[in-house]
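2 protein chains.
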Amino acid sequence: MSGRSRERQAKYQRIAAELRAGIETGEYEPGQRLPGENDLMAAHGVARMTARQALALLQAEGLVEARKGAGVFVRDFKPIRRLGVERLARAQWGSGRSIWAADIGGRDLVVDSVAVTEEEAPAAVAEILGLGEEDRACVRRRRFVLDGEPVLLSVSYLSAELVRGTPIAQPDTGPGGTYARLEELGRRPVRFREEVRSRMPNAEESAHLRMSSGMPVMLIGRTAFDDQGRAVEVNEMVLDASAYVLEYNFEA
Amino acid sequence: MSGRSRERQAKYQRIAAELRAGIETGEYEPGQRLPGENDLMAAHGVARMTARQALALLQAEGLVEARKGAGVFVRDFKPIRRLGVERLARAQWGSGRSIWAADIGGRDLVVDSVAVTEEEAPAAVAEILGLGEEDRACVRRRRFVLDGEPVLLSVSYLSAELVRGTPIAQPDTGPGGTYARLEELGRRPVRFREEVRSRMPNAEESAHLRMSSGMPVMLIGRTAFDDQGRAVEVNEMVLDASAYVLEYNFEA
DNA sequence: CATCGCAACATCTCTAGAGATGTTGTGCGG
DNA sequence: CCGCACAACATCTCTAGAGATGTTGCGATG
Numbered sequence: 004m005s006g007r008s009r010e011r012q013a014k015y016q017r018i019a020a021e022l023r024a025g026i027e028t029g030e031y032e033p034g035q036r037l038p039g040e041n042d043l044m045a046a047h048g049v050a051r052m053t054a055r056q057a058l059a060l061l062q063a064e065g066l067v068e069a070r071k072g073a074g075v076f077v078r079d080f081k082p083i084r085r086l087g088v089e090r091l092a093r094a095q096w097g098s099g100r101s102i103w104a105a106d107i108g109g110r111d112l113v114v115d116s117v118a119v120t121e122e123e124a125p126a127a128v129a130e131i132l133g134l135g136e137e138d139r140a141c142v143r144r145r146r147f148v149l150d151g152e153p154v155l156l157s158v159s160y161l162s163a164e165l166v167r168g169t170p171i172a173q174p175d176t177g178p179g180g181t182y183a184r185l186e187e188l189g190r191r192p193v194r195f196r197e198e199v200r201s202r203m204p205n206a207e208e209s210a211h212l213r214m215s216s217g218m219p220v221m222l223i224g225r226t227a228f229d230d231q232g233r234a235v236e237v238n239e240m241v242l243d244a245s246a247y248v249l250e251y252n253f254e255a
Numbered sequence: 004m005s006g007r008s009r010e011r012q013a014k015y016q017r018i019a020a021e022l023r024a025g026i027e028t029g030e031y032e033p034g035q036r037l038p039g040e041n042d043l044m045a046a047h048g049v050a051r052m053t054a055r056q057a058l059a060l061l062q063a064e065g066l067v068e069a070r071k072g073a074g075v076f077v078r079d080f081k082p083i084r085r086l087g088v089e090r091l092a093r094a095q096w097g098s099g100r101s102i103w104a105a106d107i108g109g110r111d112l113v114v115d116s117v118a119v120t121e122e123e124a125p126a127a128v129a130e131i132l133g134l135g136e137e138d139r140a141c142v143r144r145r146r147f148v149l150d151g152e153p154v155l156l157s158v159s160y161l162s163a164e165l166v167r168g169t170p171i172a173q174p175d176t177g178p179g180g181t182y183a184r185l186e187e188l189g190r191r192p193v194r195f196r197e198e199v200r201s202r203m204p205n206a207e208e209s210a211h212l213r214m215s216s217g218m219p220v221m222l223i224g225r226t227a228f229d230d231q232g233r234a235v236e237v238n239e240m241v242l243d244a245s246a247y248v249l250e251y252n253f254e255a
């Protein structure tokens, strides 16, 4: 038939619901392969495109992941806990410890690639940093990898004039990182603002994070201020949402 | 043909890219209708299913929204700024002001529906609140609407024993809200933890928030602690990610 | 002038088949 | 015993057509 009696829902939704239930009850465990196009066609007596629609629905929900030529597999979810406040406490970066150390329980989060350039900052960033038309920005682009999987893209902007000739303009910023160096320059960050939002990744982000379709990214925009209230750093981060839980602790 | 020469990308991706470019350059403005299935079939000489795939891609990216029988329209994005820290400052709720007032610039965020029940808390919540097998929880479920659009679902758990007979167990908690009442009970919240993550909505969330496919939700789990470090409230929120930006301010 | 019914048009769902392309394991040859 | 070629199998892409269903605006009717 076609567009048959809508007693409740479409065929592909019924099939998807059945598979979804199987995942939630644990019939199909994370990493396990589940029935593919051909299996569903045979089992439910539907056309290929209909079976595909059912699987596409589950992919869009982020429950499963299709690997071409191999099959459809149940996704896993073991997020990193990222402490928004404590990780930026001075006790952390003041002592030469990586501010990332506190994030992960035993797992291995490392910088995959670093690129430091001097370029013109986007208008919105230039405005925040108080850069004029002529001023340029030091831009630090980094990618972080956990267990071989890229999970975080970070782009950091600072006044080029301020950091020129310091380790901040080098790939390796030394013990304590950028913030320890800023303190040595008399521009210690004392206050932070983080803005969080979420959306679907664009093609570029999708490629850099090797994300499978149907998973959102979280965006964190962090601004660091010194004791004069001047913004000294703007950091834009793109996180694989399936890899992260953000935690913020604060007092009333 | 079929699965033709992959010089670079599939037909449906080329078509999607073209429309995407049109959106980004402003050729198609928010709210405007863009070429539908029939237009794309004619313009590119492809089959209906191929045109549909192109449009499905843009929907999955959250760029457009299809309205059955009407057409495909460009999405808009005007988020609410939610201040994670300041909104819970005592100056806010201590003075009888709604903690929501600071969030929105002139727009109208109101509670759409409130349901207060007494039931058994989920195991994870019971653990945090320190509830035993016998203890029950006061559960406050609310939906918030902005400009007629539902944007936030909130489920709040408190010890039923603690709040029984107080306004907290009523739909209207009075000036200053739940936290002002908790203070009167000698359990003033002094510390908060918020955990943020993001994923695609499930069917129920999708329906309650009237979300169009391809937009993620953000989940906030907030725990409020009193001066003894005891958890007095657990609040699980589901936010339409296209409606919110979360802001957290803190010191090093 | 208001309102209701309907036609035109939009997306949604589905069928049946087929070539392209990526993955995996097996078996043969060195 | 190692390694490579290849067959089997998986998903991906696309065609052409058609009935179902929701939206909208126009025209006829009261």
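Taken in order, these protein sequences are the chains called A and B. When the letters of the first sequence are read in order and numbered with my numbering, they come out as residues 4 to 255. When the letters of the second sequence are read in order and numbered with my numbering, they come out as residues 4 to 255. Heads up, the beta-carbon is just placed ideally off N, CA and C, and yes, glycines get one too.
Whole-number beta carbon distance between residue j and residue i, since they are thought to touch under 8 Å
i: Ala-163(B); j: Glu-130(B); result: The Cβ separation is near 16 Å, so there is no contact.
i: Phe-228(A); j: Val-199(A); result: Incorrect: roughly 18 Å between the Cβ atoms, too far for contact.
i: Leu-22(A); j: Leu-61(A); result: 6 Å
i: Asp-115(A); j: Pro-153(A); result: 6 Å
i: Leu-156(A); j: Glu-208(A); result: 7 Å
i: Phe-2(B); j: Ser-245(B); result: Residue 2(B) falls outside the range modelled here, since chain B spans only 4 to 255, and no answer is possible.
When the options are compared against residue i, the one with the closest alpha-carbon
i: Val-142(A); options: Glu-208(A), Asn-41(A) and Val-235(A); result: Val-235(A)
i: Phe-195(A); options: Ser-245(A), Arg-84(A) and Gln-231(A); result: Gln-231(A)
i: Val-67(B); options: Leu-60(B), Val-77(B) and Ala-59(B); result: Val-77(B)
i: Ile-26(A); options: Leu-58(A), Met-44(A) and Asn-41(A); result: Leu-58(A)
i: Leu-222(B); options: Gly-34(B), Val-158(B), Pro-33(B) and Met-44(B); result: Val-158(B)
i: Leu-165(B); options: Arg-225(B), Glu-186(B), Phe-147(B) and Leu-43(B); result: Glu-186(B)
i: Gly-217(B); options: Arg-84(B), Gly-65(B), Gly-72(B) and Arg-225(B); result: Gly-65(B)
i: Tyr-160(B); options: Arg-233(B), Val-237(B), Asp-243(B) and Gly-189(B); result: Val-237(B)
i: Leu-226(B); options: Glu-136(B), Leu-132(B) and Arg-146(B); result: In the sequence under discussion, the amino acid at residue 226(B) is Thr, which differs from the Leu named in the question. It is Leu-132(B).
Close Cβ partners of residue i (< 7 Å) along its chain, the five nearest in sequence each way excluded
i: Leu-134(A); result: Ala-124, Ala-140 and Ser-162
i: Gln-56(A); result: Tyr-15
i: Pro-33(A); result: Val-77, Arg-78 and Asp-79
i: Arg-167(B); result: none
Backbone CA spacing between residue i and residue j [nearest angstrom]
i: Val-49(A); j: Pro-174(B); result: 49 Å
i: Thr-169(A); j: Thr-181(A); result: 10 Å
i: Arg-36(A); j: Val-75(A); result: 6 Å
i: Gln-16(A); j: Ala-63(B); result: 17 Å
i: Arg-191(B); j: Ala-19(B); result: 54 Å
i: Gly-179(A); j: Ile-171(A); result: 11 Å
i: Met-52(B); j: Pro-38(B); result: 15 Å
i: His-211(B); j: Arg-202(B); result: 16 Å
i: Val-248(B); j: Asn-205(B); result: 21 Å
i: Thr-176(A); j: Arg-184(A); result: 8 Å
i: Tyr-31(B); j: Asp-138(B); result: 56 Å
i: Lys-71(A); j: Arg-213(A); result: 15 Å
i: Val-241(B); j: Val-220(B); result: 6 Å
i: Ala-46(A); j: Ala-54(B); result: 29 Å
i: Glu-255(B); j: Thr-28(A); result: One point to set straight first is that residue 255(B) is Ala, not Glu, in the sequence displayed. Those two C-alpha atoms are separated by around 44 Å.
i: Ala-69(B); j: Asn-252(B); result: 38 Å
i: Arg-93(B); j: Ala-73(B); result: 48 Å
Helix, strand or coil at residue i [DSSP, three-state]
i: Arg-93(B); result: helix
i: Tyr-247(A); result: strand
i: Ser-209(B); result: helix
i: Ile-102(A); result: In this prediction, Ile-102(A) scores a pLDDT of 49, lower than 50, which makes its location untrustworthy; the coordinate-derived value is nonetheless stated afterwards. Note: Ile-102(A) maps to coil in three-state DSSP.
i: Val-128(B); result: helix
i: Val-166(A); result: helix
i: Glu-198(A); result: strand
i: Arg-191(A); result: coil
i: Asp-42(A); result: helix
i: Ala-183(B); result: helix
i: Thr-226(B); result: strand
i: Leu-60(B); result: helix
i: Leu-66(B); result: coil
i: Arg-233(A); result: coil
i: Ala-118(B); result: strand
i: Ala-50(A); result: coil
i: Leu-37(B); result: strand
i: Gly-25(A); result: helix
i: Arg-78(B); result: coil
Cβ shell of residue i (< 8 Å), same chain only, five flanking positions each side left out
i: Ala-105(A); result: Residue confidence for Ala-105(A) is low, a pLDDT of 45 falling below 50, so the modelled location carries little weight and cannot support an answer.
i: Gln-3(A); result: In the structure displayed, chain A extends from 4 to 255; residue 3(A) sits before or after that span and is not available.
i: Ala-127(B); result: none
Close beta carbons around residue i, own chain, < 6 Å, minus the five adjacent residues each side
i: Trp-103(B); result: Because the pLDDT of Trp-103(B) is 49, which lies under 50, any placement of that residue in the model is unreliable, and the number read from its coordinates should be weighed accordingly. These residues qualify, in order along the chain: Leu-112.
i: Asn-41(A); result: none
i: Glu-239(B); result: Val-158 and Gly-224
i: Arg-144(A); result: Ala-118 and Val-158
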